[in-house]
Amino acid sequence: MATQNSITQKLDAVYDALLGAFGPQHWWPGETREEMIVGAVLTQNTAWANVERAMGRLKSANQLTLAALADLDESVLAEWIRPAGTYRVKARRLKALIGWILEAFGGDLDAMFHSDPGWLRTSLLAVHGVGPETADAILLYAGGMPTFVVDAYTRRVCRRHFLIGGDAGYAETKSLFERNLRPDADRYGEYHALLVELGKRHCRVKASCDTCPLRTDEHDATL
DNA sequence: TGCCAGGCCGGGT
DNA sequence: ACCCGGCATGGC
Numbered sequence: 057m058a059t060q061n062s063i064t065q066k067l068d069a070v071y072d073a074l075l076g077a078f079g080p081q082h083w084w085p086g087e088t089r090e091e092m093i094v095g096a097v098l099t100q101n102t103a104w105a106n107v108e109r110a111m112g113r114l115k116s117a118n119q120l121t122l123a124a125l126a127d128l129d130e131s132v133l134a135e136w137i138r139p140a141g142t143y144r145v146k147a148r149r150l151k152a153l154i155g156w157i158l159e160a161f162g163g164d165l166d167a168m169f170h171s172d173p174g175w176l177r178t179s180l181l182a183v184h185g186v187g188p189e190t191a192d193a194i195l196l197y198a199g200g201m202p203t204f205v206v207d208a209y210t211r212r213v214c215r216r217h218f219l220i221g222g223d224a225g226y227a228e229t230k231s232l233f234e235r236n237l238r239p240d241a242d243r244y245g246e247y248h249a250l251l252v253e254l255g256k257r258h259c260r261v262k263a264s265c266d267t268c269p270l271r272t273d274e275h276d277a278t279l
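Position in the first sequence counted from 1, then plus 56, gives you our numbering.
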């Protein structure tokens, strides 16, 4: 079995290779924490381009603040975010999340992100519509907390490159990174963005893997 | 044309 | 403890 140190080196090498190939990603173009929180929900099983459309509509109507969103009727909110897809579901989830933030912190995001990270994650997971990826994305990108975000791309890439087993779930994949990398929110955010970029460009069809930055013979053999 | 996207929930085994 | 259908728009 590989030592901790060699896993760390491999993860560092993967990061360097991806950064070199793709450059720094401009992840979550939202400027405010509110935007990042809303984006975390809207992007569930959805292409980011559609999320941007929905967020643009909210923004141009000056509705992209916690207070404004809290005042919107759920069915009205649903129409605003229609381009994001599954819009009725997401309207309900946004309402639940914003309602909880208002209730627990009076809408004070500073207070929210100064609370204990473990407690905050557990609490977020208890909110309707907030699962592991959404919770971690909020903690990392809006809160600046060093928690690693795992998604379908992350798991597929890790599986293809033998960093995890085929049956590894969310928690196991997450802990691979958190146990072997120093907690660094900026780097975690960049790492996740780079893995998504890799997932989008490669590791879907064999042909696209000819230029995969992580290309190995082993990797090719699994395709 | 059909399949899929940076998930998650609820109901059924 | 898994497995599956539903949710829904827009892009390739």
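For glycine and all other residues, C-beta sits at the position ideal for the given N, C-alpha and C.
Find the nearest neighbour of R149 within the set M168, D164, D129, judged by alpha-carbon distance. Along the first sequence, read from residue 1 onward, the residue named residue 149 stands at position 93. When each option's Cα is compared against that of R149, the closest is D129.
Report the option in L114, H170, L122, F169 whose CA atom is closest to the CA atom of W47. Residue coverage of the chain in this structure runs from 57 to 279, which leaves residue 47 outside it and unanswerable.
Per-residue DSSP class, three states only, for T99: For the purposes of this step, residue 99 is taken as residue 43 along the first sequence, with counting starting at 1. In the structure shown, T99 sits in coil (DSSP, three-state: anything other than H, G, I, E or B).
Which residue comes first and which comes last in the alpha helix (DSSP H) that contains D127? The residue you call residue 127 lines up with position 71 of the first sequence. In the DSSP assignment, D127 falls within the alpha helix (DSSP H) that extends over 122–127.
Ordered along the chain, which non-local residues of its own chain (more than five positions away) have a Cβ less than 6 Å from that of G112? Indexing the first sequence from 1 puts residue 112 at position 56. Spatial neighbours of G112 in its own chain (CB-CB distance under 6 Å, excluding positions within 5 residues in sequence) are not present.
With 16 as the cutoff for other CB atoms within 10 Å, does L74 come out buried or exposed? Working through the first sequence from its first residue, we reach residue 74 at position 18. Buried, since its Cβ has 16 or more Cβ neighbours within 10 Å.
Reducing DSSP to helix, strand and coil, say where A117 ends up. As a first step, residue 117 is located in the first sequence; it is residue number 61 there, counting from the start. If DSSP states are grouped into helix, strand and coil, A117 belongs with coil.
By Cβ distance below 6 Å, which residues in the same chain neighbour V252 in space, the five residues on each side in sequence not counted? As a first step, residue 252 is located in the first sequence; it is residue number 196 there, counting from the start. Result list for V252: Y209, in chain order.
DSSP on D164, reduced to helix/strand/coil? One-based indexing of the first sequence puts residue 164 at position 108. In this structure, D164 counts as coil in the three-state DSSP scheme.
H248 and V205 - do their beta-carbons sit closer together than 7 Å? Here the question's residue 205 lines up with position 149 in the first sequence. Here the question's residue 248 lines up with position 192 in the first sequence. In this structure, H248 lies closer than 7 Å to V205 by Cβ.
Taking Cβ to Cβ, would you say I154 is nearer than 7 Å to L120? For this step, residue 154 is matched to residue 98 along the first sequence. For this step, residue 120 is matched to residue 64 along the first sequence. With contacts defined as CB atoms closer than 7 Å, I154 and L120 fail to qualify as a contacting pair.
Out of A152, E159, Y197, which has the shortest C-alpha to C-alpha gap to L181? By one-based count along the first sequence, residue 181 stands at place 125. Of the candidates A152, E159, Y197, the residue whose Cα lies closest to the Cα of L181 is A152.
Could you say which of R243, L133, T267 lies nearest to L254 if we only look at CA atoms? Position 198 of the first sequence, counted from the first residue, corresponds to residue 254. Taking each of R243, L133, T267 in turn and checking the Cα distance to L254, the smallest one comes out for T267.
Quick one: what does DSSP say W156 is sitting in, helix, strand or coil? As a first step, residue 156 must be located in the first sequence, where it is residue number 100. In the three-state scheme derived from DSSP, where H, G and I count as helix and E and B as strand, W156 is classed as helix.
Return the first residue and the last residue of the alpha helix (DSSP H) that F30 is part of. Shown here, the chain extends from 57 to 279; a query on residue 30 therefore has no answer.
Assuming A126 and L158 are in contact, meaning their beta carbons sit under 8 Å apart, how far apart are those beta carbons, in whole angstroms? Within the first sequence, residue 126 is the residue found at index 70, counting from 1. Within the first sequence, residue 158 is the residue found at index 102, counting from 1. Between A126 and L158 the beta-carbon gap is near 6 Å, inside 8 Å, which marks them as a contact.
Just the C-alpha distance for Q100 and T190, rounded to the nearest angstrom, thanks. The count along the first sequence starts at 1 and reaches residue 100 at position 44. The count along the first sequence starts at 1 and reaches residue 190 at position 134. The alpha-carbon of Q100 is positioned some 8 Å away from that of T190.
What separation, rounded to the nearest whole angstrom, lies between the Cα atoms of P269 and R211? Against the first sequence, residue 269 aligns to sequence position 213. Against the first sequence, residue 211 aligns to sequence position 155. So the two alpha carbons sit approximately 17 Å from each other.
Go through its chain and collect everything with a Cβ distance to Y143's Cβ below 7 Å, but skip five positions before and after it. The count along the first sequence starts at 1 and reaches residue 143 at position 87. Closer than 7 Å at the Cβ level, and outside the excluded window around Y143, lie A134, I137.
Tell me whether L181 sits in a helix, a strand or coil according to DSSP, three-state version. Counted from its first residue, the first sequence places residue 181 at position 125. DSSP places L181 in the helix class (H, G or I) of the three-state scheme.
From the DSSP output, in three-state form, read off Q65 for me. Locating residue 65 in the first sequence gives position 9, counting from the first residue. Helix at Q65.
If contacts are defined as beta-carbon pairs under 8 Å, then P139 and R109 qualify, I think. What distance do you get, rounded to the angstrom? Position 83 of the first sequence, counted from the start, is the residue given in the question as residue 139. Position 53 of the first sequence, counted from the start, is the residue given in the question as residue 109. Going by Cβ atoms, the distance from P139 to R109 rounds to 4 Å, so yes, they are a contact pair.
Can you find the residues in the same chain that come closer than 6 Å, C-beta to C-beta, to T64, ignoring five residues on each side of it along the sequence? Counted from its first residue, the first sequence places residue 64 at position 8. Only N236 meet the Cβ criterion.
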